[in-house]
Structures are given as structure tokens and as C-alpha cells.
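Step one of this worksheet: look at the structure below.
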Amino acid sequence: MTALPPFQTVLDEHSAAVMAILRGAVGRDGADDCFQETFLAALRAYPKLEDAGNLRGWLLTIAHRKAIDHHRARGRTPVPVAEVREVAVEDGVPAHDPGLWAAVGALPPKQRAAVALRYGSDLPHAEIAAALGCSPAAARRSLHEGLKRLRKELA
Amino acid sequence: MRTATEKSTELAAIDGFKARAAAEGLLDVAYTTADSPFGPLLLARTERGLVRVGLPNQDADGLLADLAARVSPRVLEAPRELDEVRRELDLYFEGKLDRFDLPLDWRLSGGFRQRVLRAINRIPYGQTRSYTEMARKAGNERAVRAAGTACGSNPIPLVVPCHRVLRSGGALGGYGGGLPMKEALLELEGVRDGKGSA
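Listed in order, the protein sequences are those of chains E and U.
Residues in the first sequence are numbered from 1 upward in steps of one, following my numbering.
Residues in the second sequence are numbered from 1001 upward in steps of one, following my numbering.
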């Protein structure tokens, strides 16, 4: 067990990663509000956090939930895929392609989070697993399934 | 790669978060650093009042970690929350303020130490007292050494004026910020030349 550092340290060290994943998950416009919601929820819960061992994973989990809330609030349940545009997706993923991120946003939650954490935040499998609260193997599987689905839908 | 725009929207989001945290009463410990003639000071407050003043030679990160452990880990940099403290300290260093009017949070010292510090807090500007007197005021005249320890561990130096406590013979004794700072503070307050006996 590690002592909890001052919350300011947590903010300093992880705000960029949280913002990056949220930009990937909800887009620029929603990211600001989700960011504030994420850190408010984290600050509320912080004194009761039992282990400061993986603060980044903990924060990204909260961010992930806030992104889901955001999509729910906007009625974007993981269904609409009909109007996905044709985009050539080989290896070079166009990072700011709104059509691509819309498709990512339409993935089932675990797959969406895995894809956003891997490609939006550049996290390794172990950290994705920590953020999602699953094993690295399960994280890898979610990522794989998510990518497979994206390839199929964007093909 | 992050652009300057992304960085500035991130800072705006951080400001928004802190404003909402303050409105929700989640800023258990707000802190800032302030310039002083002696170097940067760390200032920290709770909802009760000023809880910690870190002197320039003290490790600010260590003090913040200590606040996180002993008061609350909800420690956030929030300069505006310390505007009044900064204002009074500025005036004090300019020689224009002889009594601080700030709410204090004593929770970092307990028992005898807190009684010593509260007694010190009543020493008027420009006057000095001995460690023995402080021990007596705190209810145990023989605990002179403990009174000295209480001074040395004063969490709110400057505002709680432990620099006004000297050895019985008038020698300077000790100071957490270093003896030159103690001397300079006494000089600022017009107490002799800060050295030797009166």
C-alpha cells in the first residue's frame, strides 16, 4: 500500500492522459465537460481510495465511465452504424477522422474503451487492463474484437 | 504531439474543475506559493483557516505530502483561496502590519505544543519572550525544552511569531527558517539588532 499523494500531484501527472483519452472517446466538444466530471468524481472518492499503486488506471476507468455517460446522455447507444462513411483504413489511421471516431464510439463499451485507450492514449495492454479492471489477456481480446469490428464496418 | 491550443484548453478544463471543486466544498487543503524577501513561502489553508506556512529552506513537496497524510489528501493548488494571507504577509514584510488578522487551523499541533504556540501567538509585535515564559504560560514551567521543541515544530511560522521567542539570556535560540531569518525578522520589527541581550 502506498500513501496517497496530494491530489494536485495526481492532476499534474495524469491530466494530459485523461484529456487525450476523452478527446478520443467523446470528441473535442464533449471532452472538457467529461474531464471536469472525471476529476470531480476522482476528488470525491480520493480519500477513500485504498491503494495509490495505479492512479492512472483508476483515473482512466473513471474517464471511461464518464465518456459512456456522455454518450448515453446524448442518446448515442452503441447501435447506429448505418451511416458510416467510406474511409480507407490501412495501417495509417487518420487520427482526427470524425467518421472513424463515430464508429469507435458505436462499439460496445469494453471494445470502445480498449481501442480508445490503445490508440487515443497509447497505453500498453497491461494499463488498459488496469483501467478496465480485467486481465491483460481480456484487454487484448477486447482490443482485437474492437479492431475487427471497426475493420468490418469501415471496409 | 500536443498543440498549444490543446494545452490551453486543458488548462481551462483544470480551472473549471477546481472552481467546481471549491463550490462543492472539496478543497480540503488549498495552497499556493508566495514570494517573500527570504524566498518562496508555501501557504496552505483548510476551511478552518491557515494551517501551514512553509519557510524557504523547507521542502515544499515534503510539506504537501505531510498535509495529505495528516489533514486530507484532497490537496490542490488554489492561489485565490490564499489571497488574504498573501496580502497580510506582504504588508508585514513591508513593515506596515503589526498584527495578523487571519483565522488559524491549529490541528497540526496538539496538547502542550499547541498551548505553547497559542501563547506565542499572543506575543505582541516587536517584543520578545523567553522559552521559559512560554513553558509557564502553557502550564508547565519546567518543560522549557519541550517549549523549545514546540517552537521548532511551529507549523505556522511568521504568523504565529515563534521568532519572538529567545533564550532566557537573550541569545537567539533556534529557528526553522535559519538564524539569519530570525535575526532579520526581529530587526524588521525593531527589536534591537536581533543579537545578544537587550
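The beta-carbon is built from N, C-alpha and C at its ideal position, and this holds for glycine as well.
Q: Could you work out which residues of chain E lie near U:Val-988, taking near to mean beta carbons separated by less than 7 angstroms?
A: This structure does not reach residue 988 of chain U, given that chain U is present from 1001 up to 1198, and the question cannot be answered.
Q) Among residues of its own chain, excluding the 5 on either side of E:Ala-130, which ones have a beta-carbon nearer than 6 angstroms to its beta-carbon? A) The answer, listed in chain order, is Asn-54 and Gly-57.
Q: List the residues that DSSP assigns as beta-bridge partners of U:Tyr-1031.
A: Assignment of beta-bridge partners to U:Tyr-1031 by DSSP yields U:Ala-1044 and U:Glu-1077.
Q) What residues are listed by DSSP as bridge partners for U:Gly-1054? A) Paired residue(s): U:Leu-1042.
Q) Whole-angstrom Cβ separation of E:Phe-39 and E:Leu-11, contact assumed at under 8 angstroms? A) In this structure, E:Phe-39 and E:Leu-11 form a Cβ contact; the two beta carbons are roughly 7 angstroms apart against a cut-off of 8 angstroms.
Q) Taking only beta-carbon atoms, is U:Arg-1020 less than 8 angstroms away from chain B? A) Absence of chain B from the displayed structure is noted, the protein chains being E and U.
Q: Using 10 angstroms around the beta-carbon of E:Arg-149, count the other beta-carbons present and answer buried if the total reaches 16, otherwise exposed.
A: Around the beta carbon of E:Arg-149, a 10 Å sphere encloses 16 or more other beta carbons of the protein chains shown; the residue is thus reported as buried.
Q: Under the assumption that U:Tyr-1031 contacts U:Leu-1041 (Cβ atoms under 8 angstroms), give the Cβ distance between them as a whole number of angstroms.
A: Not a contact, Cβ separation roughly 10 angstroms.
Q) So, is the C-beta of U:Tyr-1008 closer than 8 angstroms to a C-beta in chain E? A) The residue you asked about is not Tyr; residue 1008 of chain U is Ser in the sequence shown. Not a single C-beta of chain E is nearer than 8 angstroms to the C-beta of U:Ser-1008.
Q.
Using DSSP's beta-bridge definition, name the partner residues of U:Val-1165.
A. According to DSSP, which records beta bridges pairwise, U:Val-1165 is partnered with U:Arg-1129.
Q: Report yes if the CB atom of U:Glu-1141 is closer than 8 angstroms to the CB atom of U:Thr-1128, and no otherwise.
A: Cβ atoms of U:Glu-1141 and U:Thr-1128: not closer than 8 angstroms.
(Q) Just to confirm my understanding: we take U:Gly-1190, look at its own chain, exclude 5 residues before and 5 after, and list those with CB closer than 7 angstroms. What are they? (A) Within its own chain, the residues whose Cβ lies closer than 7 angstroms to the Cβ of U:Gly-1190, once the five positions on either side in sequence are excluded, are Gly-1126, listed in chain order.
Q.
My assumption, with CB atoms under 8 angstroms, is that U:Ala-1044 sits in contact with U:Val-1029. Please give the rounded CB distance.
A. About 6 angstroms separates the Cβ atoms of U:Ala-1044 and U:Val-1029, confirming a contact at the 8 angstroms cut-off.
Q: Closer than 8 angstroms by C-beta to E:Gly-120: which residues in its own chain qualify, once you throw out the five before and the five after it? Chain order, please.
A: Correct list, in chain order: Ala-20, Ile-21, Arg-23, Gly-24 and Ala-25.
Q: Pull up the CB-CB distance for U:Leu-1027 and U:Glu-1094, whole angstroms please, since I reckon it's below 8 angstroms.
A: No, U:Leu-1027 and U:Glu-1094 are not in contact; Cβ-Cβ is about 29 angstroms, not under 8 angstroms.
Q: Give the C-beta separation of U:Arg-1052 and U:Leu-1067 to the nearest angstrom, bearing in mind that I take them to be a contact with Cβ-Cβ under 8 angstroms.
A: That pair is a contact at about 6 angstroms.
Q) Using CA coordinates, which residue listed in E:Ala-102, E:Leu-59 and E:Glu-50 is at the minimum distance from E:His-71? A) Comparing Cα positions, the closest option is E:Ala-102.
Q: Measure from the alpha carbon of U:Ser-1153 to the alpha carbon of each residue in U:Arg-1167, U:Leu-1188 and U:Gln-1114, then state which is nearest.
A: Checked all of U:Arg-1167, U:Leu-1188 and U:Gln-1114; the closest Cα to U:Ser-1153 is U:Gln-1114.
(Q) Can you tell me whether E:Lys-66 is buried or exposed? The criterion is at least 16 other CB atoms within 10 Å of its CB, across all chains shown. (A) Result: buried.
**Q.** Short Cβ contact (8 angstroms threshold) for U:Ala-1119 with E:Leu-43
**A.** In this structure, E:Leu-43 does not lie closer than 8 angstroms to U:Ala-1119 by Cβ.
Q.
Between which two residues does the alpha helix (DSSP H) holding U:Tyr-1092 run?
A. Counting along the chain, the alpha helix (DSSP H) containing U:Tyr-1092 begins and ends at 1083 to 1093.
Q. What span of residues does the alpha helix (DSSP H) with E:Arg-23 cover, start to end?
A. Counted as a single uninterrupted DSSP element, the alpha helix (DSSP H) harbouring E:Arg-23 occupies residues 7 to 45.
Q. Does any residue of chain U bring its CB to less than 8 angstroms from the CB of E:Tyr-46?
A. Judged by the 8 angstroms Cβ criterion, E:Tyr-46 is in contact with chain U.
Q. At a Cβ threshold of 8 angstroms, is U:Ala-1023 touching chain E?
A. U:Ala-1023 has a beta carbon lying at 8 angstroms or more from every beta carbon in chain E.
Q) Whole-angstrom Cβ separation of E:Ala-116 and E:Val-104, contact assumed at under 8 angstroms? A) A Cβ-Cβ separation of about 6 angstroms places E:Ala-116 in contact with E:Val-104 under the 8 angstroms criterion.
Q | C-beta neighbour in chain E for U:Gly-1196, strict 8 angstroms | A | Residue placement at U:Gly-1196 cannot be trusted, given a pLDDT of 45 that sits under 50; what the coordinates show is reported in the next sentence. No - not a single Cβ of chain E is within 8 angstroms of the one on U:Gly-1196.
Q.
Using only the alpha-carbon positions, how far apart do U:Leu-1063 and E:Ala-126 sit?
A. Near 33 angstroms, if we compare the C-alpha coordinates of E:Ala-126 and U:Leu-1063.
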